[in-house]
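Protein sequences, first through last, are from chains Y and V. Numbering-wise (our numbering), the first sequence opens with residue 1 and increments by one. Numbering-wise (our numbering), the second sequence opens with residue 189 and increments by one. Glycine residues also receive a C-beta, built at the ideal position from the N, C-alpha and C atoms. Keep in mind the model is a prediction, meaning the values are calculated, not measured. Working notes, beginning with the structure itself.
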Amino acid sequence: MASTTTTRRLSLSEWFKTITFYEILVGMKATMSHLLNYRPVTLQYPHEKRTLPDNYRGMLALLRYDDGTEKCVGCDLCEAACPSRVIRVVSAEVPGEPTKRYSKEYYMDMTRCLFCGMCVDACPVDALGMTREFEWAVYDKRQLHLNKQQLLAIGDRSFPIREKRLELQHPNVAFFNVAFKHVPSKPD
Amino acid sequence: MTEFGLRLAISLTQIAAVMGIVVITVLILTLAERKVLGWMQDRMGPMEVGPYGILQPFADAIKLFFKEDIIPAGANKFLFTMAPILCLIPTFIGFAVIPWGPNWTFEIGGISVKPFIISDINIGILYILAFASLAAYGIILGGWASNSKYSLLGGLRSAAQIISYELNVGLSIVGVLILAGSLSLVKITDAQAGGFWNWFLFALPAPQIFAFVVYVISTVAETNRVPFDLPEAESELVAGFFTEYSGLRFAFFFLAEYANMMLVSCVAAALFLGGWNAPYPGTILGLIGLPSFAWVENTMWFAVKTYSFLFLFFWLRATLPRLRYDQLMRFGWKVMLPIALGNIVVTSIAVFVHQQMK
């Protein structure tokens with residue numbers, strides 16, 4: 001096909017290559033070599049799954065302490081940190097404990113989440129976690145609008161080992177995830 | 189009357205057998221194409237339905253059968269319905285004159301039957317070319333009747349391409365016709381008996397190698413396959429002339445395309461590669477004392493040649509990108525046509541000199 005370009009005359013070897021379809025044969029040799037040395041790169045996904053990296057950022061979840069109480073103190077920092085406005089927190093006082101707050105309602109619209117992990121970084125009490133779940137395809141996208149119970153359930157099934165509630169912690173005081181010298185270090 | 193009835197029954201059986209073989213081959217081809225393309229591109233191809241995906245064609249067939257049959261608004265309903273049938277039937281009719289095996293006959297009820305030669309008409313190859321050209325009507329009418337700009341463009345491109353390359357197909361086989369002295373595919377195949385050096389691809393007075401190359405390229409273009417798949421160029425025309433087709437009508441177009449590939453492969457095998465003749469003189473089964481079973485070996489050779497030609501289609505599809513439209517036309521008219529014409533002249537002179545020297 002190069003023979004039809006009329007700008008310059010072809011040399012003898014080029015002419016010979018053109019009439020014998022040399023370039024096409026080279027390409028066909030390449031495809032044939034891939035057929036003979038058949039090493040597929042395909043991962044048969046539903047049957048075999050790739051190993052996820054250690055810092056994989058999957059589905060978000062709310063966590064609990066080992067005594068079953070929720071970690072979340074309703075500070076709204078995750079809502080402020082979220083770039084996609086996924087999170088909506090309705091904060092309220094704990095009944096009978098005027099100084100302590102909790103999240104009365106907690107919603108995540110996972111259709112908008114881009115899994116950046118900023119909410120997890122922003123949380124002062126490590127109440128949010130990113131699980132390794134990623135198979136969240138649903139038929140109705142309203143099922144991706146999660147409430148607090150659903151998020152806690154995800155956390156319960158993904159993090160069976162819970163953080164211990166510190167002994168010296170006053171029930172009205174939230175300990176932030178800063179290194180404190182005067183409290184005992186966290187157990188394993 | 190009974191003899192007529194018997195003949196009718198035998199003919200219908202043969203027709204049914206050929207139709208069955210063609211449809212089964214198309215089923216195999218759809219899977220084989222995806223598998224071979226996958227293997228050549230370091231993929232696996234279909235793997236889900238059945239072991240290694242071998243039941244995929246049946247899944248596709250069931251899916252296409254049950255899909256909604258949509259006729260777009262503003263479409264010409266009659267032509268829209270007719271087009272897939274116009275595309276499919278000429279291709280199937282062409283298989284009538286293909287010699288599938290040797291001239292072996294057996295007697296049944298007092299009449300002799302040639303099981304591998306459905307019909308031996310003396311204009312065999314012209315008949316195939318004529319009906320292959322009719323398939324262009326199906327494509328262009330389907331494109332026009334869809335009331336869609338993509339379909340229309342695809343149909344127009346296809347018509348122009350088929351007419352251009354049909355010419356080259358016709359001219360490239362003239363050399364073979366000169367060598368064989370007949371238009372009947374049975375006689376052409378018989379003339380190539382006795383080893384691969386007698387195949388018209390290598391036959392001595394005038395080897396038809398250039399004609400074969402022209403034939404291969406032109407048939408790839410004529411069946412709208414890569415790299416000449418401009419009528420159904422995905423990146424430009426969505427799907428070309430069958431953009432608006434769905435369900436069973438789409439399946440008809442699909443079937444027609446693959447049956448057309450099989451038809452040109454059979455013709456290539458019969459014209460250039462010796463048809464059902466083995467690449468060595470005689471047959472091995474005849475040599476070891478089973479001459480009545482030699483047809484097994486001969487039909488196997490025909491299948492091998494046809495399938496290797498079909499493999500070439502897949503191979504080209506895995507390798508080459510699509511041509512531009514002006515490149516396609518320039519290549520067809522300025523390169524292929526002169527080669528085919530030159531081949532006719534050279535072959536005629538060679539055959540004439542050969543006859544004079546005898």
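Item, Value
"Just to confirm my understanding: we take V:Leu511, look at its own chain, exclude 5 residues before and 5 after, and list those with CB closer than 8 Å. What are they?", "Pro415, Phe416, Leu418, Phe519"
"Say whether the region 70-90 of chain Y touches the region 116-125 of chain Y, bearing in mind that this needs 3 or more beta-carbon pairs closer than 8 Å, one atom from each stretch.", "yes"
"If you drop the 5 nearest sequence neighbours on each side, which residues of the same chain put their C-beta closer than 7 Å to that of V:Pro287?", "Phe304, Ile305, Leu373, Val374, Thr377, Ala458, Gly463, Trp464"
"Name the one or two DSSP bridge partners that V:Val301 has.", "V:Phe294"
"Need the endpoints of the alpha helix (DSSP H) that Y:Ile87 sits in, please.", "Per DSSP, Y:Ile87 belongs to no alpha helix (DSSP H); it is in the beta strand (DSSP E), 87-94."
"Does any C-beta atom of chain Y lie closer than 7 Å to the C-beta of V:Thr507?", "yes"
"Verify the CB distance criterion: does V:Met449 have a CB-CB separation below 7 Å to chain Y?", "no"
"Taking buried to mean at least 16 other C-beta atoms within 10 Å of its own C-beta, is V:Asn412 buried or exposed?", "buried"
"What separation, rounded to the nearest whole angstrom, lies between the Cα atoms of V:Gln396 and V:Glu424?", "37 Å"
"Does the beta carbon of Y:His34 sit closer than 7 Å to a beta carbon anywhere in chain V?", "yes"
"Going straight from the alpha carbon of Y:Val73 to that of Y:Arg101, what length do you get?", "6 Å"
"Closer than 8 Å, Cβ to Cβ, to anything on chain V: give me those residues from the region 37-59 of chain Y, in chain order.", "Tyr38, Arg39, Pro40, Val41, Thr42, Gln44"
"Output the distance between the C-alpha atoms of V:Val357 and V:Ile313, rounded to the nearest integer angstrom.", "11 Å"
"Kindly say whether Y:Met108, judged by its beta-carbon, lies nearer than 7 Å to any beta-carbon of chain V.", "no"
"What does V:Arg222 touch in chain Y if you count any residue whose Cβ is under 7 Å from its own?", "Per Cβ cutoff of 7 Å: no residues; V:Arg222 is ~13 Å from chain Y at best."
"Counting only beta-carbon atoms, is Y:Thr31 nearer than 7 Å to chain V?", "yes"
"What are the complete alpha helix (DSSP H) segments, minimum 4 residues, inside the region 99-141 of chain Y?", "118-122"
"With a cut-off of 7 Å, does the C-beta of V:Arg231 fall near any C-beta of chain Y?", "yes"
"Are any of the Cβ atoms in chain A nearer than 7 Å to that of V:Met228?", "The structure shown has no chain A; the protein chains it does contain are Y and V."
"Going by DSSP, name the residue or residues bridged to Y:Arg64.", "Y:Glu70"
"When the Cα atoms are used, what is the spatial distance from V:Ala205 to V:Leu473?", "24 Å"
"Go through its chain and collect everything with a Cβ distance to V:Leu525's Cβ below 8 Å, but skip five positions before and after it.", "Leu355, Asn356, Leu359"
"With distances taken between CB atoms, is the gap from V:Ser158 to V:Ala263 smaller than 7 Å?", "Because chain V here runs from 189 to 546, residue 158 of chain V falls outside it and cannot be looked at."
"Which value, in whole angstroms, describes the spacing of the CA atoms of V:Gly241 and V:Met235?", "4 Å"
"Which residue's Cα is closest to the Cα of V:Thr213: V:Ala324, V:Pro290, V:Phe280, V:Gly343?", "V:Phe280"
"What did DSSP end up calling Y:His34 once you bin it into helix, strand or coil?", "helix"
"With DSSP as the reference, label Y:Leu146 as helix, strand or coil.", "strand"
"List, in order along the chain, the chain V residues whose C-beta lies closer than 8 Å to that of Y:Gly27?", "Thr507, Leu508"
"Could you give the DSSP three-state label for V:Pro419: helix, strand or coil?", "helix"
"Return the CA-CA distance between V:Gly289 and V:Phe502, expressed in angstroms with no decimal places.", "25 Å"
"To the nearest angstrom, how far is it from the Cα of V:Ile277 to the Cα of V:Leu196?", "21 Å"
"Please go through the region 239-322 of chain V and give each complete beta strand (DSSP E) segment of 3 or more residues, from N-terminal end onward.", "294-296, 299-301"
"Between V:Trp387 and chain Y, is the shortest Cβ-Cβ distance under 7 Å, so that the two count as touching?", "no"
"Is the CB of V:Trp503 under 7 Å away from at least one CB in chain Y?", "yes"
"Check Y:Glu163 in the structure and name its three-state DSSP category.", "strand"
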